[in-house]
Each structure stands twice: as C-alpha cells, then as structure tokens.
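This note's numbering runs 34 ahead of the 1-based position in the sequence shown. Note that CB positions come from ideal geometry on N, CA and C, so glycine has one too.
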Amino acid sequence: MKFLHNDLSPWLALMLRRRQRFLVGALLVWVTLLAGLALLGLSGWFIAACALAGIALAAGLPSSLDIYVPGGGIRFFALLRTVARYTERLYNHNTVLTLLADLRYRVFGDLTRLDDASLRRRRVGEWLSRLTADIDALDSLYLRLLVPPVVALLSVWIIAGFIAIWLPLVGAVVASVLTLLWLVITLGFARLGFTNSHRQVDDQEELRRLVLDQVQASAELMSYRTSDWYRRKIRAHEQQALDNQRQLAVKAALGNALLMAVTGLLIIGVLWLGSLALAEQRVVGPIMVMGVIAVFGINEVLASLP
C-alpha cells in the first residue's frame, strides 16, 4: 500500500490544486445520498403511520395524523435528490474532464522535453498506453476511488446517529457493524485484488504492444511465415488476461456477496431489536419501520464502494 501511495501522490498533488472543486463535488454526492436515505426513511414512516391510523379508525379508536408535513417532506427530499444528482453528475464530470486536461497537458509537456534517446527506451505500444489508457483510467480516481468511501462512511455515521436518537443500542450496532464492513470492503478487498488489478494493467499494455508490433511488422511476419505463430502468441496472452479478469471478477463477486449478507443480517437484527423496543413501548411503530428502512437504504450507499 505504501508504494501505491507513492504512485498516486503526483496525481493527488495535481488534484489538490483544484481542491475546492473536488470538495464541492464530494458534498454534492453526499447530499444526494442523504436525500435518498431521508426519502426512503420518511416514506417508510409515513406509510406505517397511515396504516396504524387506518387500523385504529377501523377499530373505532380515535386517531389523527397530519399528512401535510410528512407529505411535504417527501416531496422536498424527492426534489432535492433529483436536483442534487443532476447537479452532481454535471459538476463532477466537468471536474473530471478538467483533471484529464491537466494530466494530458502535464504528460505532453514532459514528453516534449525528452530527447530521442529517452523516447526510444520504450516501445510505441508503451507510449500509446501511457498517453491514452493510463490517463483515461485516472478518470475513475476521483469518482470511484476517493469520493465513495468517504461519503459512504459519513452517511453510515449520520444514519446511525439518527437512529440512536430513539434507539441508542440499535444505532451503536449499526455504526459498529457497518464501519467494520466498510473497512473490510475498502481496505481488505482492495488488498486482496491488488495483484490481479496490477496484472490486468500489465496484460492490457502487453496486448496493445503485441498488436501494434504485429501491424508494424506484418511484412516481415508474412515473409518468414510466422504470422500464425504470432497470432497464437497473442491468443495465448489474451487467454491469460481473461483468466486474470475472471479471478478479479470472482473476488468482486465475493465482496458483493459479503455486503448483501452482512446488510441482510443487520436488517434482521435491527428489526428484532426494534421489535423488542416496541414491545417495551420505548418506541412507536412508525419510528421502528423508519429505522429498518433507513438501514435497508444503506446497502445502496455501500454498493458504490470500489
């Protein structure tokens, strides 16, 4: 992980030059996620409250419910989520394109200062990989690698603190379990799949080099009747790359399975603890339903983790 930080430090330093844009983009992502969670939780509370009020009226018991305040809240969070998501996508994609422009300007500026001897140290395919694939891959550095873990952890703590207002034990359980799950997914599976990810980059670069060499040396390959041999070499390396991608996909599937299993068990645990609190009259039914559905919505937040 130390050398990974060393590799990313130049790009992180370049991003810090536009730190204000990245902070605003992260804030928009956070607002979008919180608006979605608030919409889900408030809708669950409203539906449960309406159901209980209807049951009470059907049983001949006096009951009243203000539908305008929660209805207005639902409309507000729905509109906020839509506007925030649209603004976030527009703003963050513009930020990423600006970052890529800065990266290309820096890379091409460094290339213009290299002499012919330095340029010949690498093959054409390697330079092509550096100028296209490597830079384009960095467009996910901000949106996929840096922002989602921070936003997800903050959202988990906010939801856990909100639940702890009525159910402190449930809030503590949600915070501890989801924080541990966040650590396992972000750090544990990142370390587990780092070797395959690094190998995937090397495989793509090698395949690009082999294909370019085949095109440039097609006359020599045909004259020596080695075209079939070279194609078999490319197919063998392609199969190796596919096997590595399959291993990486299996590890990603294991991470998703762990996420679904833990969040599913956590929802059952929250429902059980909430039912005990409801039986002891420490909380009302709509609040319990709101807490369960809010935890259910956390799955969407954690699903965006890299």
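Practice item. Can you grab the Cα-Cα spacing for the pair residue 98 / residue 80, in whole Å? Key: One-based indexing of the sequence shown puts residue 98 at position 64. One-based indexing of the sequence shown puts residue 80 at position 46. Straight-line Cα distance between these residues: approximately 13 Å.
Check your understanding: Relative to the alpha-carbon of residue 129, which residue among 186, 286, 175 has its alpha-carbon at the smallest distance?
Key -> The residue you call residue 129 lines up with position 95 of the sequence shown. When each option's Cα is compared against that of residue 129, the closest is 175.
Point to revise | Element boundaries [alpha helix (DSSP H), containing residue 129] | key: Along the sequence shown, read from residue 1 onward, the residue named residue 129 stands at position 95. Element bounds for residue 129: 102 to 146.
Review point. Considering residue 91, what are the terminal residues of the alpha helix (DSSP H) in which it resides?
Key: For the purposes of this step, residue 91 is identified with residue 57 of the sequence shown, where counting begins at 1. 53 to 92 is the span of the alpha helix (DSSP H), which, as asked, contains residue 91.
Practice item. Find the nearest neighbour of residue 103 within the set 119, 115, 83, judged by alpha-carbon distance. Key: The sequence position of residue 103 within the sequence shown is 69, counting from 1. For the residues 119, 115, 83, the minimum Cα distance to residue 103 belongs to 83.
Practice item. From the DSSP output, in three-state form, read off residue 48 for me. Key: Along the sequence shown, one-based indexing puts residue 48 at 14. The three-state reading of DSSP puts residue 48 in helix, counting H, G and I together.
Review point. What is the residue span of the alpha helix (DSSP H) that residue 286 lies within?
Key: As a working mapping, residue 286 is identified with position 252 in the sequence shown. Element bounds for residue 286: 261 to 313.
Point to revise | Residue from 248, 136, 62, 259 with nearest C-alpha to residue 118 | key: Here residue 118 refers to the residue found at position 84 when the sequence shown is read from its first residue. Taking only the C-alpha atoms, the option nearest residue 118 is 62.
**Study point:** Check whether residue 78 and residue 301 have beta carbons under 7 Å apart
**Key:** As a working note, residue 78 is residue 44 in the sequence shown. As a working note, residue 301 is residue 267 in the sequence shown. Going by C-beta atoms, residue 78 is not nearer than 7 Å to residue 301.
Review point. So, is residue 321 buried or exposed, given that buried needs 16 or more other C-beta atoms within 10 angstroms?
Key: Within the sequence shown, the letter at position 287 stands for residue 321. Buried.
**Study point:** Backbone CA spacing between residue 335 and residue 186 [nearest angstrom]
**Key:** Along the sequence shown, one-based indexing puts residue 335 at 301. Along the sequence shown, one-based indexing puts residue 186 at 152. Approximately 6 Å, taken between the alpha carbons.
Check your understanding: Within the chosen definition, does the region 65 to 73 reach the region 106 to 124 through at least 3 CB pairs nearer than 8 Å?
Key -> The region 65 to 73, when compared against the region 106 to 124, does touch it at the 8 Å Cβ threshold.
Practice item. Please name the residue in 332, 127, 337 whose C-alpha comes closest to that of residue 75. Key: What you label residue 75 is simply residue 41 of the sequence shown in a count that begins at 1. Of 332, 127, 337, the residue nearest in Cα terms is 332.
Point to revise | Closest by C-alpha distance to residue 274, when choosing among 233, 283, 259 | key: If you number the sequence shown from 1, residue 274 lands on position 240. For residue 274, the nearest C-alpha among the options comes from 233.
Review point. By how many angstroms is the C-alpha of residue 106 removed from the C-alpha of residue 45?
Key: The sequence position of residue 45 within the sequence shown is 11, counting from 1. The sequence position of residue 106 within the sequence shown is 72, counting from 1. Each residue's alpha carbon lies about 44 Å from the other.
Point to revise | Rounded straight-line distance, which links the Cα of residue 86 to that of residue 230 | key: For the purposes of this step, residue 230 is taken as residue 196 along the sequence shown, with counting starting at 1. For the purposes of this step, residue 86 is taken as residue 52 along the sequence shown, with counting starting at 1. Those two C-alpha atoms are separated by around 53 Å.
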